[in-house]
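Read the structure below first, then the notes.
Number of protein chains: 2
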Amino acid sequence: MTTKELIIQIKKKNSFLCIGLDVDLNKIPQHLLKLEDPIFEFNKAIIDATHHLCVAYKPNIAFYEAYGIKGWQALEKTIKYINKNHPEIFTIADAKRGDIGNTSTMYAKAFFEDLEFDSITIAPYMGKDSVEPFLAFKNKHTILLALTSNQGAFDFQTKQVEGKELYKQVLETSKTYTNSENLMYVVGATKAEYFTEIRKIIPNSFLLVPGVGAQGGNLQDVCKYGMSENVGLLINSSRGIIYASNNTDFAEAAAKNAKDLQQEMETILNK
Amino acid sequence: MTTKELIIQIKKKNSFLCIGLDVDLNKIPQHLLKLEDPIFEFNKAIIDATHHLCVAYKPNIAFYEAYGIKGWQALEKTIKYINKNHPEIFTIADAKRGDIGNTSTMYAKAFFEDLEFDSITIAPYMGKDSVEPFLAFKNKHTILLALTSNQGAFDFQTKQVEGKELYKQVLETSKTYTNSENLMYVVGATKAEYFTEIRKIIPNSFLLVPGVGAQGGNLQDVCKYGMSENVGLLINSSRGIIYASNNTDFAEAAAKNAKDLQQEMETILNK
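Respectively, the protein sequence lines represent chains D and X.
Following the numbering used here from start to finish, the first sequence increments by one per residue and tops out at 271.
Following the numbering used here from start to finish, the second sequence increments by one per residue and tops out at 1271.
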């Protein structure tokens, strides 16, 4: 999917919501556990109930790997279901990969070609030759970790590196990578005041923003400081939507919470 | 496996060799492709031919994920085969994961409990709460990326952060994490002169050292500057061993190259 197509969807749906499909068998409604593939059935119900309210789905790969081959099968079925029934939706493999060149190419093929994700999250620590193999794929997007929403972000990301914080070095250095137009960035919502500085470095890039809701971030603040001319934001919510209820009404409850966020976004977009 | 048991194995085998099982179907002998599970059959032959020469095996997870469910099955069979037939061998899931707390726990369970790896490689960018969930597992080891062997390492890892290079900040900060005794570190062989400085910060920690051979690193230099009292080194070789031949004699050729490295190690150990 091109960035232009993503922007069209955002304007059409009045939404820049991304729903995180982080399926934990201990948290999903118990009646699903009797089915053959509870992870996929849960995702399918959530997707059926929310696809008109969001522009992106983001399975965190850890939750699937944790269930071994069954988890991997559920992931394959989920991405195929989205691509077949809702090809207009932007898909993110939240994998946080990053390895040396030939290995990065293996990961890129797995997620971009075999699973047909539109994008993948990548850790920047190993630098240029760990990121560029992902950037080489046309109309695929590499979402680089810049400033994450967890407490550990302060260990290294906000430390001063040659006069500016490490996450700013990551933003600036990554702009010099070949095919850097295929970059997006992860920036946590819990640090809304940082968005002004970030937009000075990358005025138009899309930012994937975790941490609204469960982790304490505020949607209004993020939009105030982080929104670009073309919106440039994908706000992720996982637990706050998919675990809105753990009864048989879980999909409707998820849709209700997604709708609340979508409507807040619609108000912001039409301001 | 405890660190003590690893050291015993090193002394018993006169080897601190780790063999990287990075199986690429385009590079393995063509006659294997007719078998039902060529990846596992390749690994099994390599393991049968080399297990007495090395103390560790390190499958890079990217190579398995690239083949989807079949790859994942081959990985499961490989680790089970090692654990059943050679339980004295230290196993490393070269996964380079790292995510926020609850997600890291999912990865840790997948690799430590379900697949029963002894260790996993982890990227440090997200800091303390992305690493500590791995450290919580007893007799399991978390191998943190410090200074990698690729060109991109110079993008961020060697940049000055508050008066010292980022990789040194990673070493020092990680020592303050809970259960830091379960840490090991990735340090590339291509930068042997860095080992002196690294040993000042972590005198006894085990270092997983890629980059000997194919990437240009020199075993003698690494040992001269990097060896600790208890050896403290696992030298990895992947392509140089497993792709020594792509004919039917591939396993013997791999054993020959492994033996060459092991004998060089034996000489160093007995100096």
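Backbone N, C-alpha and C define an ideal beta-carbon position, used for all residues, glycine too.
If you count every other CB in all the chains shown that lies within 10 Å of the CB of residue i, and 16 or more means buried, which is it?
| i | result |
| --- | --- |
| residue 1103(X) | buried |
| residue 132(D) | buried |
| residue 154(D) | exposed |
| residue 1002(X) | exposed |
| residue 26(D) | exposed |
| residue 261(D) | buried |
| residue 1169(X) | buried |
| residue 1021(X) | buried |
| residue 226(D) | buried |
| residue 85(D) | exposed |
| residue 210(D) | buried |
| residue 1051(X) | buried |
| residue 148(D) | buried |
| residue 1135(X) | buried |
| residue 34(D) | exposed |
| residue 36(D) | exposed |
| residue 1059(X) | buried |
| residue 1065(X) | buried |
Provide the residue span of the alpha helix (DSSP H) that contains residue i, from first to last.
| i | result |
| --- | --- |
| residue 178(D) | Note, residue 178(D): premise wrong, no alpha helix (DSSP H); not H, not E. |
| residue 1223(X) | 1219 to 1226 |
| residue 45(D) | 38 to 50 |
| residue 75(D) | 68 to 85 |
| residue 271(D) | Where residue 271(D) is concerned, there is no enclosing alpha helix (DSSP H), given that its DSSP letter is neither H nor E. |
| residue 1006(X) | 1003 to 1013 |
| residue 156(D) | 153 to 156 |
Specify, as a first and last residue, the run of the beta strand (DSSP E) that residue i falls within.
| i | result |
| --- | --- |
| residue 121(D) | 119 to 122 |
| residue 1142(X) | 1141 to 1147 |
| residue 19(D) | 17 to 20 |
| residue 243(D) | Counting along the chain, residue 243(D) falls outside any beta strand (DSSP E), and DSSP gives it neither H nor E. |
| residue 91(D) | 90 to 97 |
| residue 131(D) | Element bounds for residue 131(D): not the beta strand (DSSP E) but the alpha helix (DSSP H), 128 to 135. |
| residue 57(D) | 56 to 58 |
| residue 1053(X) | No beta strand (DSSP E) contains residue 1053(X), which DSSP labels as neither H nor E. |
| residue 209(D) | 207 to 209 |
Alpha carbon to alpha carbon, how far is residue j from residue i? Give it in angstroms, no decimals.
| i | j | result |
| --- | --- | --- |
| residue 1092(X) | residue 1205(X) | 16 angstroms |
| residue 1239(X) | residue 1076(X) | 21 angstroms |
| residue 1187(X) | residue 1196(X) | 12 angstroms |
| residue 1192(X) | residue 1121(X) | 21 angstroms |
| residue 12(D) | residue 160(D) | 41 angstroms |
| residue 1095(X) | residue 271(D) | 45 angstroms |
| residue 1078(X) | residue 1044(X) | 7 angstroms |
| residue 1041(X) | residue 201(D) | 50 angstroms |
| residue 1158(X) | residue 1208(X) | 18 angstroms |
| residue 128(D) | residue 1152(X) | 5 angstroms |
| residue 223(D) | residue 143(D) | 19 angstroms |
| residue 32(D) | residue 1220(X) | 58 angstroms |
| residue 1267(X) | residue 1189(X) | 19 angstroms |
| residue 264(D) | residue 233(D) | 14 angstroms |
| residue 1061(X) | residue 145(D) | 20 angstroms |
| residue 1163(X) | residue 1141(X) | 29 angstroms |
| residue 1115(X) | residue 1073(X) | 11 angstroms |
| residue 1183(X) | residue 1126(X) | 16 angstroms |
| residue 80(D) | residue 203(D) | 33 angstroms |
| residue 1178(X) | residue 4(D) | 46 angstroms |
| residue 1231(X) | residue 1014(X) | 11 angstroms |
| residue 284(D) | residue 218(D) | In the structure displayed, chain D extends from 1 to 271; residue 284(D) sits before or after that span and is not available. |
Less than 8 angstroms between the C-beta atoms of residue i and residue j, yes or no?
| i | j | result |
| --- | --- | --- |
| residue 1228(X) | residue 1212(X) | no |
| residue 106(D) | residue 1063(X) | yes |
| residue 1255(X) | residue 1056(X) | no |
| residue 1137(X) | residue 1108(X) | yes |
| residue 1053(X) | residue 1258(X) | yes |
| residue 46(D) | residue 242(D) | yes |
| residue 1150(X) | residue 98(D) | no |
| residue 1124(X) | residue 1180(X) | no |
| residue 246(D) | residue 29(D) | yes |
| residue 185(D) | residue 171(D) | yes |
| residue 1166(X) | residue 16(D) | no |
| residue 1082(X) | residue 69(D) | no |
| residue 1018(X) | residue 1198(X) | no |
| residue 113(D) | residue 9(D) | no |
With respect to 7 angstroms, is the separation between the Cβ of residue i and the closest non-hydrogen atom of the ligand NAP below this value?
| i | result |
| --- | --- |
| residue 200(D) | Judged by which ligands are present, the structure shown has none, so any question about the ligand NAP falls away. |
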